[in-house]
Each structure stands twice: as structure tokens, then as C-alpha cells.
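I have placed the structure first, in the form of C-alpha cells, so that the comments after it can refer back to it.
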Amino acid sequence: MQDASKAIYGIIGNPVKHSLSPIMHNTAFKELDVNAEYRLFPLEEFELVDFFKELKSDQCPIFGLNVTVPYKEKVMGYMDSFSPLAQKLGAVNTIMINKERKLIGYNTDAPGFISHLTELNFNPEGKRIAILGSGGSCRAILGTLCMLPERPESIRIYNRTTSRLNDLIKDLGERIDLSIVEMVYSVDDLNIELADLLINTTSVGLKPEDPILVEEDMLHASLLVYDLIYRPKATELLRMAQDRGAQTANGLNMLFYQGVLSFQRWANMELPEEIKTKMLNAIERALDSD
Ligand SMILES: NC(=O)c1ccc[n+]([C@@H]2O[C@H](COP(=O)([O-])OP(=O)(O)OC[C@H]3O[C@@H](n4cnc5c(N)ncnc54)[C@H](OP(=O)(O)O)[C@@H]3O)[C@@H](O)[C@H]2O)c1
Numbered sequence: 003m004q005d006a007s008k009a010i011y012g013i014i015g016n017p018v019k020h021s022l023s024p025i026m027h028n029t030a031f032k033e034l035d036v037n038a039e040y041r042l043f044p045l046e047e048f049e050l051v052d053f054f055k056e057l058k059s060d061q062c063p064i065f066g067l068n069v070t071v072p073y074k075e076k077v078m079g080y081m082d083s084f085s086p087l088a089q090k091l092g093a094v095n096t097i098m099i100n101k102e103r104k105l106i107g108y109n110t111d112a113p114g115f116i117s118h119l120t121e122l123n124f125n126p127e128g129k130r131i132a133i134l135g136s137g138g139s140c141r142a143i144l145g146t147l148c149m150l151p152e153r154p155e156s157i158r159i160y161n162r163t164t165s166r167l168n169d170l171i172k173d174l175g176e177r178i179d180l181s182i183v184e185m186v187y188s189v190d191d192l193n194i195e196l197a198d199l200l201i202n203t204t205s206v207g208l209k210p211e212d213p214i215l216v217e218e219d220m221l222h223a224s225l226l227v228y229d230l231i232y233r234p235k236a237t238e239l240l241r242m243a244q245d246r247g248a249q250t251a252n253g254l255n256m257l258f259y260q261g262v263l264s265f266q267r268w269a270n271m272e273l274p275e276e277i278k279t280k281m282l283n284a285i286e287r288a289l290d291s292d
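Count along the sequence shown from 1, add 2, and you get the number used in the working numbering.
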């Protein structure tokens, strides 16, 4: 039987079935003894209009959502308002639905990524950064690196589809100073050999049959290689980087930090440290059991 008083939260995207967000958020609900559940909402693009129409209904039990691939930019058009950061970045990964059923869009990917870099003791100030990709997560990462008060020295960025990269730079450039950013048209021109940080924001590496985007000899011991992918735990890129003596990180802690920030938005409270630790432990265990 459906429990009418249960509040529903969840993640929309396509695909969503491998998401660790339900484990993380349901751990917090359980620990806080809250009558709420976080669910997966796999949606095809044509289903978005009806889904967002339903969200507006007073009877709808959904009060918060995360947004993942490939809808972080597309959902912008359904929001009633945005946080200043989501507005600047042009990407939403967290939606809060208030009592009047108004939809407010936030971006917690960007601060989540920066929190993880800080945990890794990597300060982007004055650094040379290379980025692969131009999708929704890249938008948040590129934008936030360029908005730091102490900025990197340079950011080189490459994407398989040049027109998408052009559109990203043109759109972000209307609101954010991208003078440190250079678009390049091949992986060779990323100058990874001279970089301090390489970030993979593409979905390449999710599947075993995916191509390898960089040559092993471009990677080196003074590089941090950051792959947003966390499942598998170590993509082929991270394995190659480890072999070359580079520092490596997957995106699990970014997922954790952005999830904590999303939860705090929905609950309008600061999560106690012990609950955060339980959320992180829950997703680490889930990944270890793969
Ligand atoms: N750790 C976290 O918290 C976190 C947060 C956000 C995202 N992520 C992960 O980051 C990845 C990207 O997410 P997103 O939202 O940015 O996705 P997206 O908007 O769909 O963008 C996908 C990107 O991957 C590129 N790509 C896909 N297949 C490729 C291939 N075969 N060769 C070269 N490039 C390819 C695309 O290039 P084209 O433009 O050429 O198609 C595009 O740049 C996903 O794996 C997601 O799970 C992790």
C-alpha cells in the first residue's frame, strides 16, 4: 500500500539504474528517521514535459530531485527560479520543490568537485589544467574553475564534437570570464605533458569497450588525473595514470559532496558529520561489492 505521508525524492536521467544516489540518500533518511524515500526516475526525453507537469500538482509527493545525464541543461527550461550559481553555469543537478510547488534549480556538482579537490590538497591557483568533454558536468566544472577568485594559469579543453564545445564556450562566456580557456581540436593539443591536472568529464570509461582518449606516454608523475566516473572505480584512464606514477582520483567523493549539498537544500538543515560519514560509507561499500 502507498504511504500517502511519505515524501519522495529521486534522480531523473537516462540511464539512472547504476546511480549510487539512492543508497546515499536513503541511508540519511533512515539515520534521521524521516518518512521519505529516494527513487530512480528513468526518463526518456519525450517524457520530460509530462513529468514536470505532474510535479506541479498539489498531490505530487515529490519534494526534491537530482538530475543526471543527459538532462542537466535541458531541465533549465522547467525551473521557476535558479540559484545564482546554477543560472551562471546554465546547468542544474538539484531541484527543490517548495510548498507552492515552485521548482528551484541549484548546481551542487560545482561545489562538490571543488570540495573534493580541496580534500585531495590540490589548489587550482596558477595551475595548468586539461579537460576532456563538453557535457553538462563539464559546464559546471569549467565554469566553477574560471570563477575561482585565484584562478588557474590556463585551461585547455577538447571535445569530440567541436560544435558542442563551441556552443559551451559561447554560452558560458556570456556570463563568466573565460579568458584563461583555450579550445583545442585534438587530444595532442591539450598539452597534457605540461599540465598539472587532467579532468575527464566525458562518459568514456563507463563501459569496458570504450575507446582510450589519451596516450599513456602523455601521463606523468606530476599530474593529478581526475575522472568524474566512479563506476568502475578505476577506469582505463586511471589505471594508465597509476602505471605512470600520476596521482589519481575517481568521482565518488564528488558524488558524495554534491549529494550532501543536495540533501541539505531539501532538508534545509546542516547534516551532522556522523550521518555524512554513514552516507559515504554506504556508497563506498556498494562500490566495493561490484
Ligand atoms: N562524480 C560525480 O559526481 C559526477 C557528476 C556528474 C557527472 N558524472 C559523470 O560524468 C560523465 C559525463 O556526464 P555529463 O552529465 O557531462 O554527460 P553528457 O552531458 O552526456 O556529456 C557526455 C560527454 O562525453 C563525451 N563522449 C561520450 N562518448 C564519447 C566517445 N565515445 N568519445 C569521446 N567523447 C565521448 C561527449 O562528447 P560529444 O559531445 O562528442 O558527444 C560529451 O562531452 C558521466 O559518466 C557521469 O556519470 C559524475
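All residues carry an ideal CB built from backbone N, CA and C; glycine is no exception.
Distance cut-off 7 angstroms: residue i Cβ against heavy atoms of ligand 1
i: GLY128; result: no
i: SER139; result: yes
i: MET256; result: yes
i: ILE25; result: no
i: THR250; result: no
i: THR161; result: The sequence shown places Asn at residue 161, not Thr. Yes - ligand 1 has a heavy atom lying nearer than 7 angstroms to the Cβ of ASN161.
i: PRO44; result: no
i: LEU208; result: yes
i: LEU230; result: yes
i: LYS101; result: no
i: VAL309; result: Because the chain in this structure spans residues 3 to 292, residue 309 falls outside the shown range and cannot be described.
i: PRO72; result: yes
i: SER117; result: no
i: GLN260; result: yes
i: GLY107; result: no
i: ARG166; result: yes
i: THR29; result: no
i: LEU340; result: An answer regarding residue 340 cannot be provided, because it is not within the stretch 3 to 292 covered by the chain.
Same chain, Cβ closer than 6 angstroms to residue i, five either side skipped, listed in chain order
i: GLU286; result: none
i: ILE277; result: ALA30 and GLU33
i: VAL71; result: GLY15
i: ASP212; result: VAL206
i: SER83; result: ILE106
Residue i versus the options, residue with shortest Cα-Cα distance
i: GLY138; options: LYS280, TYR40 and ILE171; result: ILE171
i: ILE97; options: ALA38, ASP292, ASN68 and LYS76; result: ASN68
i: ILE157; options: LYS129, ILE178 and LEU174; result: LYS129
i: MET281; options: GLY15, ILE13, ILE25 and TYR11; result: ILE25
i: ILE292; options: SER7, ILE13 and HIS20; result: Sequence inspection shows Asp at residue 292; the Ile mentioned does not correspond to that position. Of the listed residues, the one whose Cα sits closest to ASP292 is HIS20.
i: LEU57; options: SER85, LEU180, ILE99 and ALA38; result: ILE99
i: LEU147; options: ILE106, SER165, SER181 and TYR40; result: SER181
i: VAL51; options: GLU127, GLY79 and CYS62; result: GLY79
i: LEU200; options: GLU275, SER264 and PHE124; result: PHE124
i: PHE149; options: SER7, THR279 and PRO86; result: The amino acid occupying residue 149 in the given sequence is Met; Phe does not appear at that position. Cα-wise, what sits closest to MET149 is PRO86.
Residue i versus residue j - alpha carbon distance
i: THR120; j: GLU102; result: 37 angstroms
i: ASP245; j: LYS209; result: 20 angstroms
i: ALA251; j: LEU226; result: 8 angstroms
i: TYR228; j: LEU254; result: 11 angstroms
i: ASN202; j: GLY135; result: 7 angstroms
i: MET3; j: LYS90; result: At MET3, the pLDDT of 46 sits below 50, so the modelled position is not reliable; the number obtained from the coordinates is stated separately. Roughly 43 angstroms between the two C-alpha positions.
i: GLN260; j: HIS27; result: 11 angstroms
i: GLU272; j: ASP169; result: 37 angstroms
i: THR164; j: SER188; result: 10 angstroms
i: VAL206; j: GLU46; result: 21 angstroms
i: LEU122; j: GLN249; result: 10 angstroms
i: VAL77; j: PHE53; result: 11 angstroms
8 angstroms Cβ cutoff met for residue i and residue j
i: ILE143; j: ALA112; result: yes
i: ALA30; j: PHE65; result: no
Neighbourhood of residue i by C-beta, 7 angstroms cutoff - its chain only, sequence neighbours within 5 removed
i: ALA93; result: LYS74, GLU75, ASN109, GLY138, ARG141 and ALA142
Cut-off 8 angstroms between Cβ atoms - residues of its own chain near residue i, not counting five sequence neighbours on either side
i: LEU289; result: LEU22, TYR232, ARG233, LYS235 and LEU254
i: MET242; result: ILE214, VAL216, GLU218 and LEU221
i: LEU257; result: LEU22, SER23, MET26, GLY114, TYR232 and ILE285
i: LYS104; result: ASP82 and SER83
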